[in-house]
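Trainee:
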Amino acid sequence: MNTLEYKDFYDKVGKRIGWDFSKMKCVSEGLPWDFYNEVTKVTKKSDLLLDIGTGGGEAILSIADSALLLVGIDHSTGMMETATKNAVSSGIPNVRFLQMDAEHLDFPKHFFQVVSSRHSCFYPNEIAKVLAPGGIFLTQQVSENDKENIKEAFGRGQAFSKKNGTLKDQYITELREAGFTDIKAFEASVTEYYQTPEDLLFLLKHTPIIPNFGETEDDFQILEQLIRDNQTDKGIMTNSSRFMIIARK
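So, in structure tokens, the structure goes:
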């Protein structure tokens, strides 16, 4: 999936559901952190917080009482449409959503005390520009060995065949070069159980784990075999692999 195809896919998902996967039934065992809970731990009530790649805004709306003002940005028109609807229905007054590219953050210098980015591209030099001295940046990203058995079954997938830890090491280097210090990284790989075949199908249709999933009949034959091979009493088994970086400017 190239950049234009990914943006088109992301925009379509944004218009349909944002990043609200609440109807998908999946049980995870052992994830040692909740990303936005970690964000609230470093955020003061007087802080301004920027969330990059905010999607439908569900996450920052859920932590709105942790900061004075929360701003969510996303490059996708579809995601912003969903985020705006979510903001209106929530009635929360201190959250704003703006359509903006993470590569060009159009805010005053040193404007935010906290910047977060979950599963979205970010640019350390841009973050350093808008983050106040002493401010904190947090990101959670998908590791290369995420959904390993699914990608192996299809013979393709997001970061397929890339060495695990490549992206983490790249981001740490870029953050250091942008002037960040006290950089800490955390990794976790946990077991996931999708409760029904429909739940796993929803995941594959609404994420880029398997690019162009469902465009050929072979994909559904592979999916059927994958389900048979990984069915357990707890559900259809796979793994969720993530890393988190916390860096201070």
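Note that the sequence shown covers residues 1 to 249 in the working numbering. Note that beta-carbon positions come from the ideal geometry of N, C-alpha and C, so glycine has one too. Remember, predicted model here, so these are calculated numbers, not experimental data.
Please classify G214 as buried or exposed, where buried requires at least 16 other C-beta atoms within 10 Å of its C-beta.
Mentor: The residue in question, G214, is exposed, as its Cβ has fewer than 16 Cβ neighbours within 10 Å.
Trainee: Work out the CA separation of I210 and R156 for me, nearest whole Å.
Mentor: Approximately 7 Å, taken between the alpha carbons.
Trainee: Considering only the alpha carbon of each residue, which of F220, Q231, T232 and E198 lies closest to M24?
Mentor: Checked all of F220, Q231, T232 and E198; the closest Cα to M24 is E198.
Trainee: With contact counted as at least three CB pairs below 8 Å, one residue from each stretch, are the region 103-120 and the region 79-86 in contact?
Mentor: No contact exists between the region 103-120 and the region 79-86.
Trainee: Taking I183 as the reference, give the member of P124, N145 and N230 with the closest Cα.
Mentor: Here the closest residue by C-alpha is P124.
Trainee: Among H110, D47 and N149, which has the Cα closest to the Cα of P133?
Mentor: Checked all of H110, D47 and N149; the closest Cα to P133 is H110.
Trainee: Quick one: what's got a C-beta closer than 6 Å to I246's C-beta in the same chain, skipping five residues either side?
Mentor: Correct list, in chain order: L138 and K184.
Trainee: State buried or exposed for Y10, treating a residue as buried only when at least 16 other CB atoms are found within 10 Å of its CB.
Mentor: Its pLDDT being 34, under 50, Y10 is placed unreliably in this model, and the value from its coordinates should be taken loosely. Looking at its Cβ environment, which holds 16 or more other Cβ atoms inside 10 Å, Y10 is buried.
Trainee: Under 8 Å, with one C-beta from each stretch per pair, do the region 86-93 and the region 145-159 reach the 3-pair mark?
Mentor: Result no; under three Cβ-Cβ pairs closer than 8 Å.
Trainee: Leaving aside the five residues before and after V115 along the sequence, list all residues of the same chain whose C-beta is less than 6 Å from its C-beta, in chain order.
Mentor: These residues qualify, in order along the chain: L50, I127, L131 and F137.
Trainee: Using a Cβ-Cβ cutoff of less than 6 Å, which residues in the same chain neighbour A153 once the five nearest sequence positions on both sides are dropped?
Mentor: Answer for A153: I222 and L226, listed in chain order.
Trainee: Helix, strand or coil, according to DSSP, for V130 in the structure here?
Mentor: It is helical.
Trainee: Go ahead and pull the three-state DSSP assignment for Y194.
Mentor: Strand, per DSSP.
Trainee: In the DSSP assignment, find the unbroken beta strand (DSSP E) run with F111 in it and report its ends.
Mentor: Unbroken run through F111: none, as it is neither H nor E.
Trainee: Out of curiosity, what's the CA-to-CA distance linking S46 and M237?
Mentor: C-alpha separation (whole angstroms): 43 Å.
Trainee: So is T43 buried or exposed if we call it buried at 16+ other beta carbons inside 10 Å?
Mentor: Its Cβ being crowded by 16 or more others within 10 Å, T43 is buried.
Trainee: For a minimum of 4 consecutive residues, which ranges assigned as the alpha helix (DSSP H) are wholly contained in the region 151-214?
Mentor: Taking only runs of at least 4 residues, the alpha helix (DSSP H) segments lying wholly in the region 151-214 are 166-177 and 197-206.
Trainee: Which whole-angstrom value describes the C-beta separation of G30 and T54, a residue pair presumed to lie in contact below a C-beta threshold of 8 Å?
Mentor: Rounded, the Cβ-Cβ distance is 27 Å, inconsistent with contact.
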